[in-house]
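J.: All letters in the sequence shown, in the order written, are residues 237 to 458 by the working numbering.
Even glycine gets a Cβ: it sits at the ideal position worked out from N, Cα and C.
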Amino acid sequence: MRRFLSPELPAEGSALALGTGVSHHILRVTGIAPGEAVELFDGQGRVCEAVLEGVEGGRAVVRWSGPGHALTLPPRWLLMGLLKRQAFDTVVRMATELGVSAIWPVQLSRSVPQGGRLDRWERIAAAAAGQCGRTDLPQIYPARSLSDCLAALPAGVVGRVCVPGAERLVRVEGPAAALLGAEGGLTPAEIALAAEAGFLPAGLSPLTLRADTAAAAALSSL
């Protein structure tokens, strides 16, 4: 069953004309035909199954056909040093698929400066959420300094800073955050700043990982 992100969902037993964007995707991009079933999710955790009844003024009209399956994911934050464009795009996609709650791009000493990328990252996350089956979207923030990111984390979050050679990362119960550097890793001063905020050093592999691979490894183990 194809999945589509829609800010509005039909109420139980009722029909709804969807917005123009999702309608275009359903009718033109994927070619869903009347009578076919789809799953709709709103990016906030709500989901339902629906059947395409027809088209009204260019908008897809769907009727609620049953509840969808909503997953409950543990709260996870990714604090990731800015990378080259394609590598950070990959991080956003993989982090979304791995269920991260929020992605905070961090401007570190070894980061690659980037301009306005937020809209692109949000589109990548929406596409990844549709593919992987989650019903919410990660919150993606504009790039900020490490000190700002650490200060903005909610109280009670268990923090791990990924450092090559440190004891291997073990799974955390409850809210958790992982901090990873850009290519070349974090500087000693950045590791010390994270330690002052309560982050403990954690290793990922005996091998040297690229930054985007390291993000996936960290979130898989956190």
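#1: Please report the distance separating the alpha-carbon of V274 from that of L288.
#2: Need the endpoints of the alpha helix (DSSP H) that R264 sits in, please.
#3: Could you say which of A364, W357, T371 and G392 lies nearest to P378 if we only look at CA atoms?
#4: Mind checking H305: buried by the 16 CB within 10 Å criterion, or exposed?
#5: Within its chain, find whatever has a CB closer than 8 Å to the CB of S250; leave out the 5 residues flanking it on each side and keep chain order.
#6: Straight-line CA distance for A431 to A361?
#7: How big is the Cα-Cα spacing for E244 and T423?
#8: Can you give the Cα-Cα distance for C398 and L415, rounded to whole angstroms?
#9: Can G255 and D372 be called in contact, C-beta distance under 9 Å?
#10: Apart from the five residues just before and just after R239, which ones in its own chain have a Cβ nearer than 6 Å to its Cβ?
#11: Name the DSSP bridge partner or partners of I339?
#12: Measure the Cβ-Cβ separation of V348 and L315 and say whether it is below 9 Å.
#13: Just mark T308 as buried or exposed, buried being the case when its beta carbon has 16 or more other beta carbons within 10 Å.
#14: Once DSSP output is grouped into helix, strand and coil, what is the label at Q350?
#15: Got a sec, what are the start and stop residues for the beta strand (DSSP E) S301 sits in?
#16: Give a yes or no on whether the C-beta atoms belonging to V258 and A286 are separated by under 9 Å.
T.: With the structure as the only source:
#1: Working through the sequence shown from its first residue, we reach residue 274 at position 38. Working through the sequence shown from its first residue, we reach residue 288 at position 52. The alpha-carbon atoms of V274 and L288 are separated by roughly 8 Å.
#2: Counting from 1 along the sequence shown, the entry for residue 264 is found at position 28. Counting along the chain, R264 falls outside any alpha helix (DSSP H), and DSSP gives it neither H nor E.
#3: Counted from its first residue, the sequence shown places residue 378 at position 142. Put simply, of A364, W357, T371 and G392 the residue whose alpha carbon is nearest the alpha carbon of P378 is W357.
#4: What you label residue 305 is simply residue 69 of the sequence shown in a count that begins at 1. When all chains shown are included, H305 counts as exposed.
#5: Within the sequence shown, residue 250 is the residue found at index 14, counting from 1. Hits under 8 Å: R299 and W300.
#6: Position 195 of the sequence shown, counted from the start, is the residue given in the question as residue 431. Position 125 of the sequence shown, counted from the start, is the residue given in the question as residue 361. One C-alpha to the other measures close to 30 Å.
#7: The sequence position of residue 244 within the sequence shown is 8, counting from 1. The sequence position of residue 423 within the sequence shown is 187, counting from 1. Answer to the nearest angstrom: the Cα atoms are 45 Å apart.
#8: For the purposes of this step, residue 398 is taken as the residue at position 162 of the sequence shown. For the purposes of this step, residue 415 is taken as the residue at position 179 of the sequence shown. Rounded to the nearest angstrom, the gap between the Cα atoms of C398 and L415 is 6 Å.
#9: Along the sequence shown, one-based indexing puts residue 255 at 19. Along the sequence shown, one-based indexing puts residue 372 at 136. No, the pair does not count as a contact, with Cβ atoms beyond the cut-off.
#10: Within the sequence shown, the letter at position 3 stands for residue 239. The beta carbon of R239 lies closer than 6 Å to those of E275 and G366 in the same chain, with the five residues before and after it left out.
#11: Your numbering for residue 339 matches position 103 in the sequence shown. Note: I339 sits in a beta bridge opposite L314 and I376.
#12: The residue labelled residue 348 in the question sits at position 112 within the sequence shown. The residue labelled residue 315 in the question sits at position 79 within the sequence shown. Against a cut-off of 9 Å, the Cβ pair of L315 and V348 comes out as no contact.
#13: Within the sequence shown, numbered from 1, the residue matching residue 308 stands at position 72. Its Cβ having fewer than 16 others within 10 Å, T308 is exposed.
#14: Position 114 of the sequence shown, counted from the first residue, corresponds to residue 350. The answer is coil: DSSP assigns Q350 none of H, G, I, E or B.
#15: For the purposes of this step, residue 301 is taken as residue 65 along the sequence shown, with counting starting at 1. R295 to P303 is the extent of the beta strand (DSSP E) around S301.
#16: The residue labelled residue 258 in the question sits at position 22 within the sequence shown. The residue labelled residue 286 in the question sits at position 50 within the sequence shown. No, the Cβ-Cβ distance between V258 and A286 is not below 9 Å.
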